[in-house]
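Below is one structure, written out as structure tokens; the observations come after it.
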Amino acid sequence: MQRKIGDRVQGRWKEILPSLGIPAASITGKHCACPVCGGKDRFRFDDKDGKGTWFCAQQHGTESSNASGSAGNGFRLLMDMQSCDFAEAARLVETVIGTDSEPVEQPIVADPRHEQAETYAAVRAVWKAAKWITTDDIADQYLRKRVGAYAPSRALRFHPALNRNGQPCAALISAFVDVHGDLAGLQRTFLTQGGEKVTGNAPRLTMGSLPAGGAVRLAKHDKVLGIAEGVETALAATALHGIPCWSALNAGRLEAWQPPEGVTEVVVFGDNDTNSVGQAAAYALGKRLNQSIMAEVVIPPEPGTDWNDVLLSKLRTQ
Numbered sequence: 014m015q016r017k018i019g020d021r022v023q024g025r026w027k028e029i030l031p032s033l034g035i036p037a038a039s040i041t042g043k044h045c046a047c048p049v050c051g052g053k054d055r056f057r058f059d060d061k062d063g064k065g066t067w068f069c070a071q072q073h074g075t076e077s078s079n080a081s082g083s084a085g086n087g088f089r090l091l092m093d094m095q096s097c098d099f100a101e102a103a104r105l106v107e108t109v110i111g112t113d114s115e116p117v118e119q120p121i122v123a124d125p126r127h128e129q130a131e132t133y134a135a136v137r138a139v140w141k142a143a144k145w146i147t148t149d150d151i152a153d154q155y156l157r158k159r160v161g162a163y164a165p166s167r168a169l170r171f172h173p174a175l176n177r178n179g180q181p182c183a184a185l186i187s188a189f190v191d192v193h194g195d196l197a198g199l200q201r202t203f204l205t206q207g208g209e210k211v212t213g214n215a216p217r218l219t220m221g222s223l224p225a226g227g228a229v230r231l232a233k234h235d236k237v238l239g240i241a242e243g244v245e246t247a248l249a250a251t252a253l254h255g256i257p258c259w260s261a262l263n264a265g266r267l268e269a270w271q272p273p274e275g276v277t278e279v280v281v282f283g284d285n286d287t288n289s290v291g292q293a294a295a296y297a298l299g300k301r302l303n304q305s306i307m308a309e310v311v312i313p314p315e316p317g318t319d320w321n322d323v324l325l326s327k328l329r330t331q
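For the sequence shown, the numbering used here begins at 14 and goes up steadily by one.
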């Protein structure tokens, strides 16, 4: 008789989560930066009853969110981190623990410093194996379909055969750097051979750490800089407004973003989410930045859209 996956993972989350992109430093039981939203000292992994339970004071804009923040078990943490459903989270977990027909190994509690070194090495290996985007490669086809003409970026690369569900898959690789400009993590957007984002579960996955204040630095800047959530949204904002724009990847990291030295004006290109998460993050960032520099928040007029949707609508009418 097969055991339910919830029973098989009980007591093993400290082994499982670091293997799937959750930093080992996030699951020590102490208050720390949230691996999902990046907020400083708002996350704690308490692992009650060995179920991988956690709490974050920030609403993630997912089913984990409640009036006081976000919370859940180990599966929910993976679902929030990787933007996937339960079935995909369970599949990811089984890549670590095996299926129920395979022998169950005893959990190994790893040294967080060792786990961090291994994770960073994996990030560097994927980034090094990826190539600069060239005209008409699959990543270029994808970006042109999403944003039209775009300026080349040193923060984006193309990997022709990255592992996805045990099979090689093309991917757009986005480099997430910390406030000092050092590589910390990657976002992988998996693509079809025709230059479309794959369908099904988890078309995007992150790896490494995505520290608060960091971003995908898509363009060089002067004194004026834009910031948006998604990579495509940031590129679209540049196309629409003529402002260099970086990507924070999601609402939580947008709210925690820190502009680099020398920037005196920031334009926050927020999403118009139906649940208001994107707008709330954008206005919170704008309010914080306005204490020291000029900051303007701009939101698309149509509910349920972002600036990439605005650009695509414009391109369709041309």
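Glycine included, C-beta positions come from ideal geometry on N, C-alpha and C.
These numbers come from a predicted model, not from an experiment.
Rounded separation between residue i and residue j - CA only
i, j, result
"valine 279", "serine 77", "31 Å"
"alanine 142", "alanine 80", "43 Å"
"glycine 226", "glutamine 23", "33 Å"
"alanine 197", "serine 39", "15 Å"
"glycine 208", "arginine 167", "20 Å"
"isoleucine 312", "arginine 177", "34 Å"
"tyrosine 133", "glutamine 331", "44 Å"
"leucine 156", "glutamine 95", "21 Å"
"alanine 297", "valine 310", "10 Å"
"alanine 261", "histidine 73", "14 Å"
"valine 323", "alanine 308", "21 Å"
"glutamine 206", "proline 165", "21 Å"
"alanine 84", "lysine 300", "26 Å"
"tryptophan 145", "leucine 325", "25 Å"
"lysine 158", "histidine 254", "19 Å"
"aspartate 60", "leucine 169", "36 Å"
"alanine 183", "threonine 148", "15 Å"
"lysine 53", "alanine 46", "4 Å"
"leucine 238", "leucine 302", "12 Å"
"glycine 65", "arginine 89", "9 Å"
"arginine 57", "glycine 51", "12 Å"
"glycine 63", "glycine 265", "27 Å"
"leucine 267", "alanine 188", "16 Å"
"leucine 223", "aspartate 20", "30 Å"
"leucine 199", "glycine 221", "6 Å"
"histidine 172", "lysine 236", "33 Å"
"glutamine 154", "alanine 102", "29 Å"
Classification of residue i by the beta-carbon crowding that lies within 10 angstroms, buried from 16 upward
i, result
"glycine 243", "buried"
"alanine 100", "exposed"
"threonine 251", "buried"
"histidine 193", "exposed"
"alanine 162", "exposed"
"glutamine 304", "exposed"
"glutamate 274", "exposed"
"aspartate 93", "buried"
"isoleucine 186", "buried"
"threonine 246", "buried"
"isoleucine 306", "exposed"
"glycine 291", "buried"
"lysine 27", "buried"
"aspartate 319", "buried"
"proline 36", "buried"
"arginine 55", "buried"
"alanine 174", "exposed"
First and last residue of the uninterrupted alpha helix (DSSP H) at residue i
i, result
"glycine 279", "Correcting the residue type first, residue 279 is valine in the shown sequence and not glycine. Valine 279 -> not in any alpha helix (DSSP H); beta strand (DSSP E) instead, spanning 278–282."
"histidine 254", "244–254"
"alanine 295", "290–302"
"serine 326", "320–330"
"alanine 264", "264–269"
"threonine 108", "99–110"
"leucine 90", "87–95"
Supposed close pair residue i, residue j - CB separation, criterion 8 Å
i, j, result
"proline 269", "glycine 283", "Note on identity: in this sequence residue 269 is alanine, with proline being the wrong assignment. With a Cβ gap of about 14 Å, alanine 269 and glycine 283 do not count as contacting."
"asparagine 321", "alanine 249", "4 Å"
"lysine 210", "threonine 219", "That pair is no contact at about 15 Å."
"glutamate 315", "asparagine 285", "6 Å"
"lysine 233", "proline 257", "6 Å"
"arginine 230", "valine 276", "Wrong, their Cβ atoms sit about 12 Å apart, outside the cutoff."
"leucine 33", "valine 109", "7 Å"
"valine 106", "isoleucine 18", "7 Å"
"glutamine 71", "glycine 82", "6 Å"
Boundaries of the beta strand (DSSP E) in which residue i is found, first to last residue
i, result
"glutamate 309", "307–311"
"threonine 202", "196–204"
"glycine 19", "First-last for glycine 19: 18–22, but that is the alpha helix (DSSP H), not the beta strand (DSSP E)."
"arginine 217", "217–221"
"glycine 227", "Unbroken run through glycine 227: none, as it is neither H nor E."
"alanine 241", "237–241"
"serine 77", "No beta strand (DSSP E) contains serine 77, which DSSP labels as neither H nor E."
(Q) Threshold first: 4 residues or longer. Then list the alpha helix (DSSP H) segments lying entirely within the stretch 126–199, N to C. (A) 151–160
**Q.** Whole runs of the beta strand (DSSP E) within the stretch 25–67, excluding any shorter than 3 residues
**A.** 56–58
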